[in-house]
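Number 49 in the working numbering belongs to position 49 of the sequence shown; there are no gaps in the numbering.
In this text, a Cβ means the ideal position worked out from N, Cα and C, and glycines have one as well.
Just so you know, these numbers come straight off a predicted model, no measurement behind them.
Have a look at the structure below, then the notes.
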Amino acid sequence: MKLFGKSHTAPTEGYDVIKSDEDWRKQLSPEQFTVMFEHATERAGTSALLREKRPGTFVCAACGAPAYETKTKFESGTGWPSFWAPIENATATNTDRSLFMVRTEVHCAKCGAHQGHVFEDGPDPTGLRYCINGAALKFEPGK
């Protein structure tokens, strides 16, 4: 699987959950580590979560923190799971100047794992599109 990104390492401070790259590599698949801690992007259309529509919660694949709810998910046509809002205080953002452009990068507020990017071309009520790598999430069905 071809992934695009730049080299990073796991955060070492400023988050509730801190682990070394070695510990994250033991816990995550190679694809998950590359996406979440090397800021790569999975190939469009490859995530099973793209088609997930059951009620439930999408959680951070690294630390398990709740991140998005199915009720905020929408079909964006981009090839990545898209949401119009995260769960309150679940994510944080940074300015990403990679790939010769400026974007807003989204990461888990609890462990710092890269999830994707947020764009201002989403539906109501927020007008935002959180374009998220499926490898950065796990789905927990509602009860």
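In the DSSP assignment, residue 102 falls outside any alpha helix (DSSP H), carrying neither H nor E. If you look at residue 16, you'll find it isn't in any alpha helix (DSSP H); DSSP assigns it neither H nor E. Under the rule that a run must span 4 or more residues, the alpha helix (DSSP H) segments found entirely inside the stretch 30-71 read 30-37.
Exclusion of the five residues before and after residue 102 leaves 95, 96 as the residues of its chain whose Cβ lies within less than 8 Å of its Cβ. Residue 53 counts as exposed, since fewer than 16 other beta carbons sit within 10 angstroms of its beta carbon.
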